[in-house]
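Here is the structure we will look at, set down as structure tokens.
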């Protein structure tokens, strides 16, 4: 049976799954049952790169949703730690809250500025 160039082969799909779960290319190749040379060759093809990128983006989105879902709990823990009898615990919790608020503010500002730049570009 001839393989359609617009579809990944089963072993390529296994290789992408292996890349997503392995720490090294060598481990991914072994898990996928192919050589590192084959894996590197596949990674140079547009179709393979596109699917790997898609899988990575989906993983990042899932992880981001999980993190966002736990954010309220994490903030509550830090707020509760502000009431600790241990001065060092209170200081660290306060420092963490301030640090996270400043980082969030900076990211929000960057996002706002990017949207403004995109809007300005769209007008041209």
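Residue numbers (our numbering): -8 to 115. Using N, Cα and C, we set each Cβ at its ideal position, and we do this for glycine too.
Contacts around residue i, its chain only, beta-carbon distance under 7 Å, and the 5 residues preceding and following it disregarded
i, result
"residue 69", "84, 87 and 88"
"residue 33", "3, 6 and 39"
Supposed contact pair residue j and residue i - C-beta distance, whole angstroms, cut 8 Å
i, j, result
"residue 20", "residue 26", "6 Å"
"residue 30", "residue 16", "6 Å"
"residue 127", "residue 80", "There is simply no residue 127 to check, as the chain begins at -8 and stops at 115 in what is shown."
Residue i, buried or exposed, once every other Cβ within 10 Å from all chains shown has been counted against 16
i, result
"residue -7", "Reliability of the predicted coordinates at residue -7 is poor, the pLDDT of 41 falling under 50, and no value is obtained from them."
"residue 3", "buried"
"residue 7", "buried"
"residue 108", "exposed"
"residue -1", "buried"
Chain C within 7 Å of residue i, Cβ atoms only
i, result
"residue 49", "Going by chain labels, chain C is absent from the structure shown, which holds only one protein chain."
Neighbourhood of residue i by C-beta distance below 6 Å, restricted to the same chain and skipping five residues each side
i, result
"residue 23", "5, 6 and 9"
Taking the runs of the alpha helix (DSSP H) that are 4 residues or longer, which of them lie wholly in the region 57 to 105?
none
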